[in-house]
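Engineer: Before I ask anything, here is the structure I am working with.
Residue numbers (our numbering), protein chains in the order written: chain X, 1 to 212; chain P, 1001 to 1508.
What follows is the structure, encoded as structure tokens:
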């Protein structure tokens, strides 16, 4: 379970998030919606530990991770563009997190084989990211994020910039991946239909701010 | 700035502080005698030298732009077979020592007319066309062609299109290139030593004469201060006249030459004039290495002397000189590139500013500073061989930081975020993600620092001792020695450098 309590974030003098609280139950998928500039991505970055927060606390499975550096939180992140590492093959991208955990080669290969099968790209392990289509690259990004079996997967507009057909296919694939890996997930989107398709609960970010 | 970034900034700060800031400040503090300064700037001999330094540099800028801009236009806006090779040829002199470039000009002109203003301008243009190509070219390449087409359909003559559409887009980069060329030419030393003759001297050459040949450090320092002030003045004037950067960028394919037939002759004319300025001296050097003017016959004596135990009239061999140059280049790159990378990653703007100062402070000023600062125990390092590659690294620092900076800032933050959430610590993100992405920029920076070291002449002239002679110093000494044998050896040594440079550049 993820619990965010009274979180505030500022960039310089500008308040981005003020006194935000949120609870995401284990095994559920929560969609956070809101207009551009409302702080959706900032909330995800704060949960991941990628930005410095002004105040508040973040708990994952009842453990306070507020002061834990991002690389020790074990949260899967899928960003808007996928962000595959351009100098690594598809398989190396998927295995990257496991390498950071010092997993042995056999364990890494087994996990990446499983995930490549799961995203229907078993033959693409040796390909470089720039040879993939937009949809394929996003599927690899999701597989990479799931490789370490994170207790929480966060996705920041993962379907942005795709054509309609790829968008629908990928949406179905991501939903299937989340279900098959039984991962707790948060998805940020500005599209309400997309949010309803993915999530058990849809929350408007503006409703997360508690009066002080 | 994070704590780790502060830590990263420490190493380049210490390096630049000890080997650049301290020597320059020490020189100015100890020898800036106001009386000597007044005497120097009112002395008609020095006023003549300062005036010549100024106007020859301005004329060099004009000549270089007149030849370089049309060639840059042709290579940036039109695609044709062989354009990459031509770009390589025009870029080659940038990584060659000024003395090799100057000896090429010496080789191409008749013996009774190969020193003076024309050879100086030629050598400066030959060296600096690549600066125009490197700075203005990428900007011109990105100018949205649809804007020019729109202007043409609205009735604009090509000259009007240039004035109203192209020039505002390339003005800033052209001004930047002009400023850099001015600084290189104003502080010209190697070129002046070889083709300046007895009449033509720049302030940089006079600083060397006063400090090393006449031992008058106070006058040399007064000249250095005047030189820095003049560069600062020109720098300020150019910067205040540079306007806002106008962005009309659009990545596009260059149209093939065949589709612009009416431009064909203009394109070839622009390219041919630049290639002639750059290529003729290079070819003439190769020719002169096997042909003696004095005997008017072919000879391989210059090449043979490279294999002898000593070069003609010198106390060292070609092998020794080549080994020194190669070793110093390697060490300079090993010092310069990691420190530049640390400076870039530290993201410290003031450090970035200080790292660019070696461009403005001339090599001769730095040379004086080094021999003064490192002359007392426990830092009496002026005779240590390792000071040469360290100084070469200081001089290469502005170029390498500016090569690495765009590559580093172009790495999307989201990639770092992805690595971090996958468990990579900042150090592992740096080595696993950032370094592989920056690989080609790191190689470019390594090549540049090695090239700067191989060609460095100004500061090396101050610090070079027996046993540490480098290739440019050897070429200059051979050129300055009377007789056919030293001249042939100088051309053979220059030819070796040209062959190696073009070989390396064509594979890069």
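Cβ coordinates follow ideal geometry from the N, Cα and C atoms, glycine included.
Thinking residue 1201(P) and residue 1049(P) are a contact (beta carbons under 8 Å), I'd like their distance in whole angstroms, please.
Structural biologist: Within the second chain, the letter at position 201 stands for residue 1201(P). Within the second chain, the letter at position 49 stands for residue 1049(P). Their Cβ separation, rounded to whole angstroms, is 6 Å, which keeps residue 1201(P) and residue 1049(P) in contact under 8 Å.
Engineer: Please confirm whether residue 1423(P) has its beta-carbon closer than 7 Å to some beta-carbon of chain X.
Structural biologist: On the second chain, residue 1423(P) is found 423 positions in, with the first residue counted as 1. Yes, its Cβ sits closer than 7 Å to a Cβ of chain X.
Engineer: Quick check on residue 1184(P): buried or exposed, where buried means 16 or more other Cβ atoms within 10 Å of its Cβ?
Structural biologist: In the second chain, counting from the first residue as 1, residue 1184(P) sits at position 184. Classification of residue 1184(P): buried, given that the 10 Å Cβ count is 16 or more.
Engineer: Let me make sure I understand the geometry here. Which of 1239(P), 1464(P), 1349(P), 1182(P) has the alpha-carbon closest to that of residue 1516(P)?
Structural biologist: This structure cannot speak to residue 1516(P), because chain P is shown only from 1001 to 1508.
Engineer: Going by the beta-carbon positions, is the gap between residue 1460(P) and residue 1470(P) smaller than 7 Å?
Structural biologist: For this step, residue 1460(P) is matched to residue 460 along the second chain. For this step, residue 1470(P) is matched to residue 470 along the second chain. Yes, Cβ-Cβ distance for residue 1460(P) and residue 1470(P) is below 7 Å.
Engineer: Grab the span of the beta strand (DSSP E) containing residue 214(X) for me, first residue to last.
Structural biologist: The requested residue 214(X) does not occur in the structure, where chain X is confined to residues 1 to 212.
Engineer: Along the chain, where does the beta strand (DSSP E) that runs through residue 1159(P) open and close?
Structural biologist: Residue mapping note: residue 1159(P) aligns to position 159 of the second chain, counting from 1. Unbroken run through residue 1159(P) is the alpha helix (DSSP H), 1158-1161; no beta strand (DSSP E).
Engineer: Can you tell me whether DSSP reads residue 56(X) as helix, strand or coil?
Structural biologist: Within the first chain, residue 56(X) is the residue found at index 56, counting from 1. Strand at residue 56(X).
Engineer: Which term fits residue 1434(P), buried or exposed, when burial requires 16 or more other beta carbons within 10 angstroms of its beta carbon?
Structural biologist: By one-based count along the second chain, residue 1434(P) stands at place 434. Buried: at least 16 other Cβ atoms inside 10 Å.
Engineer: Three or more beta-carbon pairs under 8 Å between the segment 196-206 of chain X and the segment 24-36 of chain X, yes or no?
Structural biologist: As far as the Cβ criterion goes, the segment 196-206 of chain X touches the segment 24-36 of chain X, which means the pair count is three or higher.
Engineer: Where do the ends of the alpha helix (DSSP H) carrying residue 76(X) lie?
Structural biologist: On the first chain, residue 76(X) is found 76 positions in, with the first residue counted as 1. First-last for residue 76(X): 75-78, but that is the beta strand (DSSP E), not the alpha helix (DSSP H).
Engineer: Does the Cβ-Cβ distance between residue 94(X) and residue 147(X) come in under 7 Å?
Structural biologist: On the first chain, residue 94(X) is found 94 positions in, with the first residue counted as 1. On the first chain, residue 147(X) is found 147 positions in, with the first residue counted as 1. Their beta carbons are under 7 Å apart, which means residue 94(X) touches residue 147(X) by this criterion.
Engineer: Could you say if the segment 1036-1045 of chain P and the segment 1394-1411 of chain P meet the contact criterion of at least three C-beta pairs nearer than 8 Å?
Structural biologist: No: fewer than three Cβ pairs fall under 8 Å.
Engineer: From the beta carbon of residue 6(X), is the nearest beta carbon of chain P less than 7 Å away?
Structural biologist: Residue mapping note: residue 6(X) aligns to position 6 of the first chain, counting from 1. Not closer than 7 Å to any Cβ of chain P, the Cβ of residue 6(X) fails to qualify, so no.
Engineer: Going along the chain, which residues of its own chain have a beta-carbon closer than 7 Å to the beta-carbon of residue 1321(P), five neighbours each way excluded?
Structural biologist: For this step, residue 1321(P) is matched to residue 321 along the second chain. Around residue 1321(P): 1469, 1470, 1471, 1474.
Engineer: Using DSSP with H/G/I as helix, E/B as strand and the rest coil, what is residue 1348(P)?
Structural biologist: Residue mapping note: residue 1348(P) aligns to position 348 of the second chain, counting from 1. In the structure shown, residue 1348(P) sits in coil (DSSP, three-state: anything other than H, G, I, E or B).
Engineer: Please tell me whether, using a cut-off of 6 Å, the distance from the CB of residue 1368(P) to the nearest non-hydrogen atom of the ligand NAP is below it.
Structural biologist: This structure does not include the ligand NAP; it has no bound ligands of any sort.
Engineer: Distance, Cα to Cα, residue 1165(P) vs residue 1171(P)?
Structural biologist: The residue given as residue 1165(P) occupies position 165 in the second chain. The residue given as residue 1171(P) occupies position 171 in the second chain. Using only the alpha carbons, I get a separation of about 11 Å.
Engineer: If you run the structure through DSSP and keep just helix, strand and coil, what is residue 1324(P)?
Structural biologist: In the second chain, residue 1324(P) corresponds to position 324, counting from 1. In this structure, residue 1324(P) counts as helix in the three-state DSSP scheme.
Engineer: Which of helix, strand or coil does DSSP assign to residue 14(X)?
Structural biologist: Along the first chain, one-based indexing puts residue 14(X) at 14. Residue 14(X) falls in the strand class under three-state DSSP.
Engineer: Threshold first: 4 residues or longer. Then list the alpha helix (DSSP H) segments lying entirely within the segment 1258-1334 of chain P, N to C.
Structural biologist: Entirely contained in the segment 1258-1334 of chain P, the alpha helix (DSSP H) runs reaching 4 residues are, in chain order, 1264-1288, 1301-1305.
Engineer: Taking DSSP's pairing of strands, which residues face residue 64(X) in a bridge?
Structural biologist: Within the first chain, the letter at position 64 stands for residue 64(X). Paired residue(s): 59(X).
Engineer: Rounded to the nearest angstrom, how far is the Cβ of residue 1378(P) from that of residue 1332(P), given a contact under 8 Å?
Structural biologist: For the purposes of this step, residue 1378(P) is identified with residue 378 of the second chain, where counting begins at 1. For the purposes of this step, residue 1332(P) is identified with residue 332 of the second chain, where counting begins at 1. About 24 Å; that fails the 8 Å criterion.
Engineer: Locate the beta strand (DSSP E) running through residue 1111(P), then write down its first and last residues.
Structural biologist: Numbered from 1 along the second chain, position 111 holds the residue referred to as residue 1111(P). Note, residue 1111(P): premise wrong, no beta strand (DSSP E); not H, not E.
Engineer: Would a C-beta distance cut-off of 7 Å place residue 140(X) and residue 44(X) closer than the cut-off?
Structural biologist: As a first step, residue 140(X) must be located in the first chain, where it is residue number 140. As a first step, residue 44(X) must be located in the first chain, where it is residue number 44. No.
Engineer: What does residue 87(X) reach in chain P if we use C-beta pairs closer than 7 Å?
Structural biologist: Position 87 of the first chain, counted from the start, is the residue given in the question as residue 87(X). Those within 7 Å of residue 87(X) in chain P are 1436, 1437.
Engineer: Do we get a CB-CB distance below 7 Å when we pair residue 1418(P) with the residues of chain X?
Structural biologist: For the purposes of this step, residue 1418(P) is taken as residue 418 along the second chain, with counting starting at 1. For residue 1418(P), the answer is yes, since a Cβ of chain X falls inside 7 Å of its Cβ.
Engineer: Measuring CA to CA, which of 1308(P), 1269(P), 1227(P) is closest to residue 1041(P)?
Structural biologist: One-based indexing of the second chain puts residue 1041(P) at position 41. The shortest Cα separation from residue 1041(P) among 1308(P), 1269(P), 1227(P) belongs to 1227(P).
Engineer: Which runs of the alpha helix (DSSP H) at least 4 residues long sit entirely within the segment 72-119 of chain X? Give them in chain order.
Structural biologist: Listed in chain order, the complete alpha helix (DSSP H) runs (minimum 4 residues) inside the segment 72-119 of chain X are 90-100, 105-118.
Engineer: Considering only their Cβ atoms, is the gap separating residue 8(X) from residue 57(X) smaller than 7 Å?
Structural biologist: Within the first chain, residue 57(X) is the residue found at index 57, counting from 1. Within the first chain, residue 8(X) is the residue found at index 8, counting from 1. Taking 7 Å as the Cβ cut-off, residue 57(X) and residue 8(X) do not qualify as a contacting pair.
Engineer: Excluding the 5 residues preceding and the 5 following residue 68(X) in the sequence, name in chain order all residues of the same chain whose CB lies nearer than 7 Å to its CB.
Structural biologist: Within the first chain, the letter at position 68 stands for residue 68(X). The residues are 49.
Engineer: For the beta strand (DSSP E) containing residue 156(X), list its first residue and its last residue.
Structural biologist: The residue you call residue 156(X) lines up with position 156 of the first chain. Per DSSP, residue 156(X) belongs to the beta strand (DSSP E) from 152-156.
Engineer: Classify residue 1356(P) as helix, strand or coil using the three-state DSSP reduction.
Structural biologist: Along the second chain, read from residue 1 onward, the residue named residue 1356(P) stands at position 356. Three-state DSSP puts residue 1356(P) in a helix.
Engineer: List the residues that DSSP assigns as beta-bridge partners of residue 186(X).
Structural biologist: Position 186 of the first chain, counting from 1, holds the residue named residue 186(X). Answer is 30(X), 154(X), bridged to residue 186(X).
Engineer: Going by the beta-carbon positions, is the gap between residue 75(X) and residue 42(X) smaller than 7 Å?
Structural biologist: If you number the first chain from 1, residue 75(X) lands on position 75. If you number the first chain from 1, residue 42(X) lands on position 42. The answer is no: Cβ separation not under 7 Å.
Engineer: For residue 203(X), list the residues DSSP reports as bridge partners.
Structural biologist: One-based indexing of the first chain puts residue 203(X) at position 203. BP columns for residue 203(X) point to 32(X).
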